[in-house]
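Residue numbers (the numbering used here), protein chains in the order written: chain A, 241 to 487; chain B, 882 to 1428; chain C, 1268 to 1581; chain D, 38 to 151. From the three backbone atoms N, C-alpha and C, an ideal C-beta is built for every residue, glycine too. These notes are about the structure you will find just below.
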Amino acid sequence: MRVTKRRSPLSDSNVAVQTSVHEDVHRPELLHHFADPQQQRNSASLGMWIFLATEVMFFGGLFCAYLIYRNWYYADFAAASKSINAALGGTNTAVLICSSLTVVLAIWAAETSRRALMLAMLALTMFFGLGFLGIKGVEYHDKFVEHHVPGPSFSFEHEQIPGHPGQYANPQHAEIFFALYFIMTGLHALHMIVGLGIFTWLFVMAWKGRFTPEYHTPLEIGGLYWHFVDIIWIYLFPLLYLIDRHP
Amino acid sequence: MATTTIAPAERENYLNKEYGLGSWLLTTDHKRIALLYLISITFFFFIGGFFALLIRLELLTPAGDLVQADTYNKLFTQHGQVMVFFFLIPSIPAVLGNFLVPMMIGAKDLAFPRINLLSWYLYIAGGALMMHAMLTGGVDTGWTFYTPFSTAFSNTKVIEAGLAIFIAGFSSILTGLNFVVTIHRMRAPGMTWSRLPLFIWAHYATSIIQILGTPVIAITLVLVVAERALHLGIFDPKLGGDPLLFQHLFWFYSHPAVYIMILPSMGVVSEIIACFARKRIFGYTFVAISSLSIAVFGFLVWAHHMFVAGISVYAALVFSLLSYSVAVPSAIKVFNWTATLYKGSIHYDAPMLYAFGFLGLFTIGGLTGLFLACLGVDMHVHDTYFVIAHFHYIMVGGALMGYLGGMHFWWPKISGKLYPEGWARLAALIVFIGFNLTFFPQFILGYLGMPRRYYQYPPEFQVLNVLSTAGATVLGIGYLLPMIYFLWSMRYGKPAPDNPWNAAGLEWQTQSPPTTFNFEKEPVVTWEAYNYDEIDAGHKEEVPVVG
Amino acid sequence: MAGNVDALFIFLVIISGLMTLLIFGAVIYFAARYRHQRGVQAEQIEGSTPLEVTWSIIPLAVFMVIFAWGAVVYFKSRTPPRDATEVYVVAKQWMWKMEHAEGQREINELHVPVGRDVKLIMTSQDVIHSFFVPAFRMKQDVLPGRYTVAWFRATQPGTYHLFCSQYCGTQHSGMIGSIIVMEPAQYEAWMSGGSTGPLSATGEKLFAELGCSTCHRTDTQGRGPNLQGVFGKPVLLQDGRTVTADENYIRESILDPGAKIVNGFKPVMPTFQGLVSEEQLNALVAYVKSLSPAAQSATKTANAAPQGSGTQVQ
Amino acid sequence: MSVHATSSPLKTYFAVWVTLLIGTFLTYEVAKIDLGVFNSAVALTIACIKALLVALFFMHLRHASEKLLKVVVISTLFFLFILLSLSMADYATRGTGASTVSFLIAHIKAILPA
């Protein structure tokens, strides 16, 4: 058993001197290759943040494509953007923000041993998540009915360009907008579905009483992911829905 | 090099601890996963090599006579895709890195052993899909997937190949993620950043690229697949899209990807040169920092692949200027390795021969990179055999020499057996000669104007092509040899001592092959990296790791 | 151009040759001089910051010279001279279609006079191709949906390879042709045969047939802008932007008229996408260009064999 | 969570939540006013503030016990910036047609008093 653990000033860990880790304490969650729970928790959190970094770049490629075409075909994109339902998009933003709140409350509940509150908040998070997907479904349905889904049946003829009466959007360019719209929101929705899966699992773990004030790392890690998906939407909403909304 | 003690035959180690297929396929031991990778990338190396052989045979004569034009196009496409995505990118990180990163920093395993196994399965899933695509029709877009050819014109298995690379990309991301977390969190007490072996620094830099670059190619391939499947117009000028956007996104990853291949190799070479010159690496800090700067600057230069593609002249100027920024740290490394030899005590064991080979080939590869970064010359040599020669000097001459050097260096540790030194030196020599014979003529071919991806060519280029094909044959033998004697040594090789090279580094302080958790007890590091002065002065008792 | 590129190339070969000799020499010398000898220990050297700085700064300085020189050569090759002879190139899987401003059409061959600047206005019907003439050290990708421009001046009569250097499918390596450089007199003789009249005349006819001339009138009364003298000039757009009326702008205005509406006009023009072929587009562009004095003079002086400006070292 | 457990973070959580909702409402309403090119600027500024709030308070970046996580975030954003800016540098300076640069100049001119 190790008593002290020295790290250089260059070390990134805050553990300057770690005093006696008691190995007799029962820690089923401590994996064998970690020296102590602190190291395990820090590893998990760093791992998640790095994973989120890859997610940023993943969506970053899409944002890059979107911003370039939006600059190129500004008027056509504005017209296409006006055809999607900004009120639903705004509502969905609010729904996600609420779900982010319930996530932090769930973690707080775990920290302070409030099991019922934690379970309720986790359930509420999933409820908001499902609500988001439901509203998204309504939007997709509208687009489908209006023939705004790129493909053979796509049609965007004689759609006014906002602010330029008598000028119509180029359907091809609008199709690029909708292609990017569906890919971006679709991948985001996919992330939501994965998030719901994670939270179902977290709920089961919480139900089984696996989380304690000392150990609830999965909850924190899952929360990081959920908040990140929220952040992506925070950008998607103004970029896709609000290009040129003024009358 | 002098061997001191012979290891007892039947110590428990990671190889003999458990037997059976399940103990391998469900293992979370980073060393076993490294071996799983070793077997799978070797498989893909020979597939890619087979394609290369057919390409060179076809090019023996100016006329297209050995295979059909379509077949030829599939050959070079799949050669590129297999070699880049299924061999070179995972090669050193996933095999040597997986095996050595935890050991070098004194950890029991990577931070996320199960994710490590998952990443191998993702690699295998991607590889299987790629194999399926190749066996059921193949792909003919070039490994670069340029649009609109790939999205609207090719009638081959583009979607499958794209998805295969997409999946393999996640394997690469997870490996990089695991390394970064491990290097940050799992270092043994005393293993400070300034004491890390340069191999670790190189892998840290590589991981940064894997983490930040790979997602971009992933999303780009998603867009290509979606565009091809649903006839969107994102990259298709007929529908208002811009094919150059694809090239931007593609090269944003694929240029740094070259550094995913070469950086780990540089790490290997640093270890080998230090060991066989019995010296500290000259300018340790500069070599370490240059790894990081290559990783960062590598992201700033991608459009030098697009100087004649129709980008803005001003953007071309900026990218050309930035391209030289990555040449400086590369030059620093070469100078420092050379300076390390000065007043060393140099041994010529096989790993060192590979390291010498690396130095020479990487120097030529790097210097010819200057030609391509130079706007005026690139106009002429872009998309010719000059480019082919250049990147093979980097990716095969550089990355593969490092890989082979590393495999020889650490083979005693990995397998617990010694390889036959005489054969290994011979193989190193054959590879070096074969390589130069194959690829040096291609520089000249390129300057004379032979475009790449040509199935038939004007007769005046034949002499150089014949030379190149002859070289490829020699090279092929050079690659088969290590494969044969490594396999041979596993059964008939002499048992390896714990530290056959008398090398510095924690991985040599434990037994060969190591136990599942690498060290009997957690090592405490009190010395700098490459303390060869202490080792050679006989202060071996200062390295008290193995109980 | 070839001379410029070659001089730079030779400079680079010398520089990298010296670097290679330096490194190889040092490695081989050290490896031999300091080979392992029994009882002799390596001498530990930590490193040397002045040395590191030296071998960072000197290469960087050399690199900057290479960059600057390369940039100058590149810039020149991207800027076609104003009075160059114009040839329209349409690439398709797997052939090159050339059309001289004077109306001659060729496939996989291009006849040009020696000593005269030739500007290529290129587009593709399908995938990306690349126009590569090794002898002229000149290469430019040819993209669908837009024009890319390149130019060269041949200095020696003869026949030179034309390659497609951007992979374009099955017969990529068969998409080759020749540039036939002729003495001016021979070239005149070649030009005199087989023409259907200048490209701009074909364009003029099309301009009338497609009904363009009903709106784009030569007075100020048309529903579309008067195109006289427009080419090469800045155009003020409805949204306040200014664009230069180059080949790509004219092309876009025909295919996607709504993209850039000229200030003071209504977006009433229908698109001609799918209605005109690449060749017809080229003719229309050539016609619009012929309405501007500068472009006209270029076409007229094309037969006058201009002398090299002197700054252009061949 | 001894690292960042202050007395009760609940107040902060609810304050952030309310700010985020207000931000969303504001984004939606401002979009209806014609500000020219500044519409996007305002919308994106609000989005950045919102994202920052989520990261700092909900994801505990503010209390993160170590600088490393901040380094990860900042360097990721740096590379994202490289991707966006350098690829757009090409589009903004392509000579063909109206470039982004002239687009921006025109918009700014349109807003400035004549």
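Anything in chain B within Cβ reach of phenylalanine 116 of chain D, meaning under 7 Å, just list it in chain order. Translated into positions along the fourth sequence, residue 116 of chain D becomes position 79. Per Cβ cutoff of 7 Å: Leu1093, Phe1180.
Could you tell me which of B:Ala1045, B:Asn1059, B:Gly1297, B:Ser1204 sits nearest to valine 1177 of chain B, measuring between CA atoms? Stepping through the second sequence from its first residue, residue 1177 of chain B is reached at position 296. Closest by alpha carbon: B:Ser1204.
What residue does the alpha helix (DSSP H) around isoleucine 1388 of chain C start on, and which one ends it? In the third sequence, counting from the first residue as 1, residue 1388 of chain C sits at position 121. Not the alpha helix (DSSP H): isoleucine 1388 of chain C falls in the beta strand (DSSP E), residues 1384-1391.
Would you be able to state if there are at least three C-beta pairs under 8 Å between the segment 1147-1164 of chain B and the segment 1097-1107 of chain B? The segment 1097-1107 of chain B, when compared against the segment 1147-1164 of chain B, does not touch it at the 8 Å Cβ threshold.
Do we get a CB-CB distance below 8 Å when we pair lysine 1527 of chain C with the residues of chain A? For the purposes of this step, residue 1527 of chain C is taken as residue 260 along the third sequence, with counting starting at 1. It does not: the Cβ of lysine 1527 of chain C has no partner Cβ on chain A nearer than 8 Å.
The beta strand (DSSP E) enclosing histidine 1396 of chain C, as first and last residue numbers: Numbered from its first residue, the third sequence carries residue 1396 of chain C at position 129. Where histidine 1396 of chain C is concerned, the enclosing beta strand (DSSP E) starts and stops at 1396-1400.
Which ranges does the alpha helix (DSSP H) cover as unbroken runs of at least 4 residues, wholly within the segment 60-90 of chain D, from first to last along the chain? The qualifying runs are 75-90.
For proline 1380 of chain C, write down the residues that DSSP places opposite it in a beta bridge. In the third sequence, the residue the question calls residue 1380 of chain C occupies position 113. In the DSSP output, where bridge partners are listed per residue, proline 1380 of chain C has C:Met1449.
Run down chain A in chain order and give the residues with a C-beta less than 9 Å from the C-beta of lysine 1533 of chain C. As a position in the third sequence, residue 1533 of chain C is number 266, starting the count at 1. Below the 9 Å Cβ cutoff, chain A contributes Gly406, Gln407 as neighbours of lysine 1533 of chain C, in chain order.
For glutamate 1319 of chain C, which of B:Ala1212, B:Ala1196, B:Met964, B:Leu947 has the nearest alpha-carbon? Counted from its first residue, the third sequence places residue 1319 of chain C at position 52. Per the Cα distances, B:Ala1212.
Chain B within 8 Å of histidine 387 of chain A, Cβ atoms only: On the first sequence, position 147 is the one that residue 387 of chain A refers to. It does not: the Cβ of histidine 387 of chain A has no partner Cβ on chain B nearer than 8 Å.
Quick one: is threonine 1261 of chain B near chain C, going by C-beta distance under 8 Å? As a first step, residue 1261 of chain B must be located in the second sequence, where it is residue number 380. Looking at the sequence provided, one finds histidine at residue 1261 of chain B rather than threonine. At least one chain C Cβ lies under 8 Å of histidine 1261 of chain B.
Here's the rule: buried if 16 or more other CB atoms are within 10 angstroms of the residue's CB, otherwise exposed. What is cysteine 189 of chain A? Limits of chain A in this structure are 241 at one end and 487 at the other, which puts residue 189 of chain A out of reach.
By how many angstroms is the C-alpha of threonine 331 of chain A removed from the C-alpha of valine 67 of chain D? Locating residue 67 of chain D in the fourth sequence gives position 30, counting from the first residue. Locating residue 331 of chain A in the first sequence gives position 91, counting from the first residue. One C-alpha to the other measures close to 16 Å.
Please classify aspartate 1408 of chain C as buried or exposed, where buried requires at least 16 neighbouring CB atoms within 10 angstroms. Taking the third sequence and counting its residues from 1, the one referred to as residue 1408 of chain C is at position 141. Classification for aspartate 1408 of chain C: buried.
Ignore the nearest five residues each way along the sequence and tell me which others in leucine 999 of chain B's own chain have a CB closer than 7 Å to its CB. Here residue 999 of chain B refers to the residue found at position 118 of the second sequence. Once the five neighbours on either side are set aside, the close Cβ partners of leucine 999 of chain B are Leu1055.
Take phenylalanine 1060 of chain B as the anchor and find which of B:Ala1110, B:Pro983, B:Glu893 has the nearest alpha-carbon. On the second sequence, position 179 is the one that residue 1060 of chain B refers to. Considering only alpha carbons, the answer is B:Pro983.
Which residue comes first and which comes last in the alpha helix (DSSP H) that contains proline 1096 of chain B? Within the second sequence, the letter at position 215 stands for residue 1096 of chain B. Note, proline 1096 of chain B: alpha helix (DSSP H), 1079-1111.
In chain A, what lies closer than 8 Å to threonine 130 of chain D by C-beta? Taking the fourth sequence and counting its residues from 1, the one referred to as residue 130 of chain D is at position 93. Identification of chain A residues near threonine 130 of chain D by a Cβ-Cβ cut-off of 8 Å yields none; the smallest Cβ-Cβ distance measures about 13 Å.
Kindly say whether cysteine 304 of chain A, judged by its beta-carbon, lies nearer than 8 Å to any beta-carbon of chain B. As a position in the first sequence, residue 304 of chain A is number 64, starting the count at 1. Interface residue (Cβ-Cβ distance to chain B less than 8 Å): cysteine 304 of chain A is classified as such.
For chain C, is any of its Cβ atoms less than 8 Å away from the one on asparagine 311 of chain A? As a first step, residue 311 of chain A is located in the first sequence; it is residue number 71 there, counting from the start. Chain C has no Cβ within less than 8 Å of the Cβ of asparagine 311 of chain A.
What residue from C:Gln1505, C:Leu1522, C:Gly1496, C:Asp1523 has the CA that sits closest to alanine 1512 of chain C's CA? Reading the third sequence from its first residue, position 245 is the one you call residue 1512 of chain C. Each of C:Gln1505, C:Leu1522, C:Gly1496, C:Asp1523 was checked against the Cα of alanine 1512 of chain C, and the nearest Cα belongs to C:Gly1496.
Phenylalanine 1133 of chain B versus chain D: which residues are under 7 Å apart at the beta carbon? Here residue 1133 of chain B refers to the residue found at position 252 when the second sequence is read from its first residue. In chain order: Leu120.
Starting from glutamine 1407 of chain C, follow its DSSP beta bridges and name the residues at the other end. Along the third sequence, one-based indexing puts residue 1407 of chain C at 140. In the DSSP assignment, glutamine 1407 of chain C forms a beta bridge with C:Phe1398.
Could you round the C-beta distance between isoleucine 1081 of chain B and glycine 1179 of chain B to whole angstroms and report it? I think they count as a contact, below 8 Å. Locating residue 1081 of chain B in the second sequence gives position 200, where the first residue counts as 1. Locating residue 1179 of chain B in the second sequence gives position 298, where the first residue counts as 1. Their Cβ separation, rounded to whole angstroms, is 19 Å, which puts isoleucine 1081 of chain B and glycine 1179 of chain B out of contact at 8 Å.
Quick check: what's the CA-CA separation for arginine 485 of chain A versus lysine 104 of chain D? For the purposes of this step, residue 485 of chain A is taken as the residue at position 245 of the first sequence. For the purposes of this step, residue 104 of chain D is taken as the residue at position 67 of the fourth sequence. If you take the alpha carbons of arginine 485 of chain A and lysine 104 of chain D, they lie about 41 Å apart.
Check the DSSP bridge columns for valine 1357 of chain C and list the partner residues they point to. Counted from its first residue, the third sequence places residue 1357 of chain C at position 90. Per DSSP, the beta bridge partners of valine 1357 of chain C are C:Lys1364, C:Thr1390.
May I have the straight-line CA-CA distance separating valine 265 of chain A from lysine 1038 of chain B, to the nearest angstrom? By 1-based counting over the first sequence, the position of residue 265 of chain A is 25. By 1-based counting over the second sequence, the position of residue 1038 of chain B is 157. Because the pLDDT at valine 265 of chain A is just 49, under 50, the model does not fix this residue reliably, and the value given afterwards should be weighed accordingly. The alpha-carbon atoms of valine 265 of chain A and lysine 1038 of chain B are separated by roughly 56 Å.
Does histidine 1303 of chain C have its Cβ less than 8 Å from a Cβ in chain B? Here residue 1303 of chain C corresponds to residue number 36 of the third sequence, with the count starting at 1. Interface residue, yes.
Any chance you could list the beta strand (DSSP E) runs of at least 3 consecutive residues sitting entirely within the segment 1422-1505 of chain C, in chain order? The segment 1422-1505 of chain C contains these whole beta strand (DSSP E) runs: 1425-1431, 1444-1449, 1501-1503.
Compare the C-alpha of glycine 978 of chain B against each of B:Asp1414, B:Asn1380, B:Ala1410, B:Ile1141 and name the closest. Working through the second sequence from its first residue, we reach residue 978 of chain B at position 97. With distances taken between Cα atoms, glycine 978 of chain B lies closest to B:Ile1141.
Can you determine whether any heavy atom of the ligand GTP sits closer than 7 Å to the C-beta of threonine 1463 of chain C, and answer yes or no? For the structure depicted, the ligand GTP is absent and the ligand set is empty, with no information on it obtainable.
Relative to chain D, which residues along the segment 1094-1117 of chain B have a C-beta separation below 9 Å, given in chain order? If the cut-off is 9 Å between Cβ atoms, the segment 1094-1117 of chain B has Gly1094, Val1097 near chain D.
Simplified DSSP assignment, three categories, for glutamine 1392 of chain B: Your numbering for residue 1392 of chain B matches position 511 in the second sequence. Of the three classes helix, strand and coil, the one that applies to glutamine 1392 of chain B here is coil, per DSSP.
Using the C-alpha atoms, what's the distance from valine 1535 of chain C back to glycine 498 of chain A? Outside the shown range of chain A (241 to 487) lies residue 498 of chain A, about which nothing can therefore be said.
Could you check if tyrosine 900 of chain B is buried or exposed, using at least 16 other CB atoms within 10 Å of its CB as the buried criterion? Looking up residue 900 of chain B in the second sequence gives position 19. Answer is exposed; the Cβ neighbour count stays below 16.
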